[in-house]
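Engineer: Residue numbers (our numbering), protein chains in the order written: chain B, 1 to 796; chain Y, 1001 to 1338.
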Amino acid sequence: MKISYKWLKQYIDFDLTPEELQEKLTFAGIEVEAVEKPGKELDQIIVAQIDEKKAHPGSDHLSICRVNNGEEVLQVICGAPNCAAGQKVAFAPIGTQFGDFKIQKSKLRGEVSFGMICSEKELGISENHDGIMVLPEDAPIGQSLASYLQLNDVCYDVEITPNRPDLLGIFGVARDLSALLHLPLKAPKIEIEETNEKIENHLALQNDAPDLCTRYVARMIKNVTVKESPEWLKQRLVSVGLRPINNVVDVTNFVMMEFGHPLHAFDYKLVQDHKIIVRRAATDEMYTALNEETYKLNNNDLVIADNQRAIALAGIIGGENSQISASTCNVVIEAANFLYSSIRKSALRLKLSTDSSYRFERDIADETTELVSRRAAQLILETAGGELLEGKLDSYPNPLAEKIIPLRRERVTKLLSIELTNNQIKDYLVPLGLKFVQEEGDTQYFIAPPYRKDLLREIDLIEEVMRLHGYNNVKTYLNIQNIMNRSEFYAKRKVADILVNNGFYEVKNWKFGDPEDLDKLKIPADDFRRQNAVLKNPLGNRFSIMQSMLLPNLLTNALFNINHGQKDLKLFELTKVFFRHEEKLATEKWQVSGLMAGAFSPKYWKENAVDTDFFDMKGVIEEILESLALTKIKFAESSESYFQPGMAADIFIRNKKVGNLGKLDPKVLESFDIEQAVYSFDLNLTDVFAFCQFADPVFRDIPKFPPVLRDLSFIISKDVKYEDIAKTIKAINPGIISQVELFDEYTGKNIPEGSHSLTFSVVFSSDTKTLTDEVVNKIFQNVINKLKQDFHIEMR
Amino acid sequence: MKEELNKILASAQQDIVQAKTLNDLVVLRSRFTGKKSILNGFMQKIGALPKEERPAFGQIVNEAKSKIEVILNTKETELKEREYENTLKKQKIDLTMPSRRIVRGALHPITKIWREVEDIFISLGFDVAEGPDIEDEFHNFDALNTPADHPARELSDTFYLENDVLLRTQTSTVQVRTMEKYKPPIRIISPGSCYRNENDASHSPMFHQVEALVVDEGITFADLRDMLNAFVKKMFGDDIESRFRPHFFPFTEPSAEIDIVCVKCKGKGCNVCKGSGWLEMGGAGMVDPNVFDMLGIDSEKYTGYAFGLGMDRIAMLKYKIPDMRMLFENDIRFLRQF
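Below you can see the structure in the form of structure tokens.
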């Protein structure tokens, strides 16, 4: 629903900027979905005067005007029949933007026009397109039209929750705000004067569907003059996005926007036999609505009819056959209410959603009909003249009974934690329209106003108390502080999970160590792992230090399992290692180490078993580091004492050594009584985590263009490292070469000693275009040339 | 002429019906309807006919040709269908043969319990705090209301390193470190290894504990009981009640030992609970004001509780592991079970 800042201000004198008002609305529970400034387009339009008008020599309907905009006098071509010298007009200078349309300097039949004189329709002020809009004589030349018409308003598009139909009118919103802001509500004064001619003598009402039409009030005004609405009325409607039509229809729309209760007006002479019948539609009854569409109705639709035909689809849209027109003389004002579910079903089935159905669907109040009927009568008399007949026709089959709702003070505290006095509670509720009945100790009794159908129980009142008190004014107690390092906590779990998913079993050992094991691993005396935390009263020599490496215990575990016939092993441990040199306490670091031995995967009848090797372990390490989003990882040959030379690597992140992996020296293994090949790895997690950003993954666009694959096979010296080849290929065009993968290595027949044949699969892809053969071929040739030049490859 | 055509038609029909493979059909198609087919040859004869007979002749030949084509196409569909079925038949497998599996490893049972404990407490609003295994006497004893001459120090056989440094005998040390660093409100658990100098069938020199510490305004003994009840029920099930027995710990007062209903016999009495129906799970109590005072926390303003539970014991109870030593043997036939 749309709410105008200025209109709202008519009922409540707040001292808020449009931005502050938006905030207040939001915290009243009225969510502002969009803010528009309807006068914005009209800011560009200027009040100007036609100084002179003469006929266009090349046209019989165009005229050439000299238009004075306050700064200069411009020639403007105008086609309106009503334009005349001396008029004050709305002038759109060159550059004015109407939606997609921009006013430009143009030539009309040979005469240049520097702008446009606008009609009301062009300005979006009304449907009137008969001629240009003529402003009052005192309109100041040079002022913007928006500010002259006081259209510099703000329009809020708000979402009204389904429980609050009372907010479907601007006055209802004002009422809620007045309670929230503790400001007086200025209700419009409704005073009407009736003639002594009784309505019953002119019009009859028959409600044949009291289950669907819960109230129907009709009033009648004779001798109205249907014409354009006065400026103030048009402005109000325009400010909430409605188009003015004529004074009578405009009044019904105005009152709907004011009180949230839709109305309808009929031309009395078109109501056959002067009788209004509220009835269900006949099956397949055809009905033509104001929108010139014809609908096929059924027995579940409710119509307002006369003796012969439907004249309105109740609560949804009026009929073409009874609408107000310039020839209307006597007006019947309908203010009614209908069963919300019935309106909803009909509107849905007929795909007809109107401002009226939107409100009736939300179960508005029967009581408001009387109010809006009087308000509409008042405003029609004011804007269209005429005489209001005495009395009204009123069908109200089941008047609402008042319900007294008790509210216990301690219940408020129990639920909300806030301590309020009886008076405070009352001061919150009464401005919302609740009637205070009486109090008995800490229990107060209230009656909800008819327009607040959502207030039925104590809890409903408590919700209102909370809303008025302010949700964010409740003191909170729980004060949670972050103590843990969540990132490292979950990263440790992730590392263990990756190892488990790669087939590793986690072991747990006592964190003691044996200095002799360090000897067996040939750890040099000056190595940091020899800076041990030594126990004074150990269980024995084997447990005399705190572990500085995890490998010895892992090897003990391997031996235990091998001795029990389990030769295919993947084990890891994730725990602490300890170093103590001169510090008082020890240095404790998180470490993950593991070993692999035997077959890589269990024997499967379809293929041959493969023994685990260096690259299996390297893959696991890479997976761990990549899962931590680490880059700049390097593997370089390790000189660690316990590895077989040339079969082990140290792991570097940004040139800092964080671990190693490799094949254990068979002689070292022998000292642990192990006779089979074992690979091991070490990763210092404390050091690794120091490089981690622990940032969440960030979405990247899925490639829109298909990749192109090319294979590249060549003979190259074994002295050239794979990594250097892959890097060289990628570097040729890093934007387009997205992947370089080795998929075959071959040595033997036809390959010279000391060389091998490598086959790479190169993937070319682009984020911006489909790659043509021509482009790919060129890059591919560059790759070959570069490899020939740098590594003297021989293509196969 | 017509007779001849009928003959061709008949022989075509016979040959086509007998075709066995799609290849046969290709040959037949070219023989009967191809460029050098009998029918095409027939069509050549049209030139020899008088002009007025030609259209009728052409029509007859074409009709024969389309009849043959229909027969060919029907047969082709049939053969293709048969070939498809044969292919499927050939691909049939013995569904009972062994599957291929990606073999996953497993976390150690203590780690599994460890994570479960952490997750339960995290879900209850706790943070997880860590501290060093190698501690000083202040954090392990003094700050926990156990001064040097206190008899409680003899309750545990402590591993010592040079310079009065020791292996922590309980993870309560992390409580101390947390209270040194953070002001209340504090809600932490600290899982970790502890050490005592003993090694027999029911004692391991290294074992795992989880300690909890809650310090805030208005924390009461009821909160302590609630939290332990909540934990025990989440860990062992809704039917496992817990009870408190008065006990002594230097750093809590009132202090209690926590029993839970035996998870095996549910209280009836069995070998696990030695007939009592109850299992001892750990210790608990309200933080002693001396501990707060020592750490500069206003013991009038704040109250708090702490409790400690044995992680290895929980694992053994949950997984029905009969011998504590198996937890540290790392036999993969054991590890594979979890």
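Note that the Cβ used here is the ideal one computed from N, Cα and C, for glycine as well.
Using the rule of at least 16 other Cβ atoms within 10 Å of the residue's Cβ for burial, across every protein chain shown, is Tyr1195(Y) buried or exposed?
Structural biologist: Burial call: buried.
Engineer: Mark Met596(B) as exposed unless 16 or more other C-beta atoms lie within 10 angstroms of its C-beta, in which case mark it buried.
Structural biologist: Its Cβ being crowded by 16 or more others within 10 Å, Met596(B) is buried.
Engineer: Is the Cβ of Thr1173(Y) closer than 7 Å to any Cβ of chain B?
Structural biologist: Output row for Thr1173(Y): interface = no.
Engineer: Nearest to Ala797(B) by CA position, among Lys589(B), Ala586(B), Phe614(B) and Val592(B), is which residue?
Structural biologist: The shown model of chain B, from 1 to 796, leaves out residue 797(B), and the question about it has no answer.
Engineer: Please classify Met220(B) as buried or exposed, where buried requires at least 16 neighbouring CB atoms within 10 angstroms.
Structural biologist: The residue is buried, with at least 16 neighbouring Cβ atoms inside 10 Å.
Engineer: By the 10 Å Cβ neighbour count, where 16 or more other Cβ atoms means buried, how is Ser717(B) classified, buried or exposed?
Structural biologist: Label assigned to Ser717(B): exposed.
Engineer: Can you check DSSP and say which residues form a bridge with Leu1255(Y)?
Structural biologist: In the sequence under discussion, the amino acid at residue 1255(Y) is Ser, which differs from the Leu named in the question. Gly1285(Y).
Engineer: Would you kindly work out how many angstroms separate the C-alpha atoms of Pro706(B) and Leu771(B), rounded to a whole number?
Structural biologist: Straight-line Cα distance between these residues: approximately 8 Å.
Engineer: Quick check on Ser113(B): does DSSP put it in helix, strand or coil?
Structural biologist: Three-state DSSP puts Ser113(B) in a strand.
Engineer: Give the residues of chain B in contact with Pro1254(Y), contact being defined as C-beta atoms less than 9 Å apart.
Structural biologist: Near Pro1254(Y) there are no residues of chain B at all, since even the closest Cβ is about 25 Å away, more than 9 Å.
Engineer: Quick check on Thr642(B): does DSSP put it in helix, strand or coil?
Structural biologist: According to the sequence displayed, residue 642(B) carries Tyr and not Thr. Note: Tyr642(B) maps to coil in three-state DSSP.
Engineer: Can you give the beta carbon distance from Tyr642(B) to Lys522(B), rounded, assuming they're within the 8 Å contact cut?
Structural biologist: Rounded, the Cβ-Cβ distance is 6 Å, consistent with contact.
Engineer: Hey, Phe543(B) and Trp510(B) are a contact pair by Cβ (cut 8 Å); roughly how many whole angstroms apart?
Structural biologist: Confirmed, about 7 Å.
Engineer: Could you tell me which chain B residues have their CB closer than 9 Å to the CB of Leu1335(Y), listed as they occur along the chain?
Structural biologist: Near Leu1335(Y) (Cβ distances below 9 Å), the residues of chain B are Tyr505, Glu506, Val507 and Leu571.
Engineer: First and last residue of the beta strand (DSSP E) that includes Ala1212(Y)?
Structural biologist: Element bounds for Ala1212(Y): Met1206 to Asp1216.
Engineer: Go ahead and label Gly659(B) buried or exposed: buried means 16 or more other beta carbons lie within 10 angstroms of its beta carbon, across all protein chains shown.
Structural biologist: Under this definition Gly659(B) is a buried residue.
Engineer: Residues of the stretch 595-608 of chain B with a CB closer than 8 Å to any CB of chain Y: list them in chain order, please.
Structural biologist: Against chain Y - using a Cβ distance shorter than 8 Å - the residues of the stretch 595-608 of chain B are Ser601, Pro602, Tyr604, Trp605 and Lys606.
Engineer: So Gly588(B) contacts chain Y; which residues on that side make the cut at Cβ distance below 9 Å?
Structural biologist: The amino acid at residue 588(B) is misidentified as Gly; the sequence shows Glu. Chain Y residues near Glu588(B): Pro1132, Asp1133 and Ile1134.
Engineer: Inspect the beta-carbon positions of Gly1310(Y) and Gly1283(Y) and report whether they are closer than 7 Å.
Structural biologist: It is not a contact, given that the beta carbons lie outside the stated cut-off.
Engineer: Which partner residues of Phe259(B) appear in the DSSP bridge assignment?
Structural biologist: Answer is none; Phe259(B) lacks a bridge partner.
Engineer: Give the straight-line distance between the Cα atoms of Ile447(B) and Leu400(B), rounded to the nearest whole angstrom.
Structural biologist: Cα-Cα distance, rounded: 12 Å.
Engineer: Less than 7 Å separating the beta-carbons of Phe714(B) and Arg796(B)?
Structural biologist: Yes, they are a contact pair.
Engineer: Any beta carbon of chain B sitting closer than 7 Å to that of Ile1028(Y)?
Structural biologist: Strictly speaking, residue 1028(Y) in this sequence is Leu, with Ile absent from that position. It does not; no Cβ of chain B falls within 7 Å.
Engineer: Is the CB of Lys536(B) under 7 Å away from at least one CB in chain Y?
Structural biologist: Yes, because at least one Cβ of chain Y sits closer than 7 Å to the Cβ of Lys536(B).
Engineer: Determine contact between the stretch 453-468 of chain B and the stretch 426-434 of chain B, defined as no fewer than three beta-carbon pairs at a distance below 8 Å.
Structural biologist: Yes: the two stretches touch, three or more of their Cβ pairs being nearer than 8 Å.
Engineer: Would you say Lys1075(Y) and Ile1016(Y) are within 7 Å of each other, going by their C-beta atoms?
Structural biologist: Taking 7 Å as the Cβ cut-off, Lys1075(Y) and Ile1016(Y) qualify as a contacting pair.
Engineer: Ile1219(Y) and Asp1127(Y): beta carbons closer than 7 Å?
Structural biologist: Contact flag unset, no.
Engineer: Just to confirm the assignment: which complete alpha helix (DSSP H) runs, minimum length 4, are found wholly within the stretch 714-745 of chain B?
Structural biologist: Correct list: 722-732.
Engineer: Taking only beta carbons into account, state which residues of the stretch 673-687 of chain B come closer than 8 Å to chain Y, listed in chain order.
Structural biologist: Per Cβ criterion, the list is empty.
Engineer: Could you pull out every residue in the same chain whose Cβ sits closer than 7 Å to the Cβ of Asp460(B), ignoring the five residues on either side in sequence?
Structural biologist: Once the five neighbours on either side are set aside, the close Cβ partners of Asp460(B) are Asp454.
Engineer: Using a Cβ cut-off of 9 Å, pull out every chain Y residue sitting near Ala282(B), in sequence order please.
Structural biologist: Chain Y residues near Ala282(B): none, gap ~58 Å exceeds 9 Å.
Engineer: Which one of Ile751(B), His56(B), Thr556(B) and Lys567(B) has the shortest CA to CA distance from Glu1329(Y)?
Structural biologist: Comparing Cα positions, the closest option is Thr556(B).
Engineer: For Thr1096(Y) and chain B, any beta-carbon pair shorter than 7 Å?
Structural biologist: Thr1096(Y) does not count as touching chain B.
Engineer: Taking 8 Å as the cut-off, does the stretch 330-341 of chain B touch the stretch 228-243 of chain B (at least 3 CB pairs, one atom from each stretch)?
Structural biologist: Touching, no, given that fewer than three Cβ pairs across the two stretches are closer than 8 Å.
Engineer: Check whether the Cβ atoms of Glu626(B) and Ile498(B) lie closer than 7 Å to each other.
Structural biologist: No, Cβ-Cβ distance for Glu626(B) and Ile498(B) is not below 7 Å.
Engineer: Glu19(B) by DSSP, collapsed to three states: which one?
Structural biologist: Note: Glu19(B) maps to helix in three-state DSSP.
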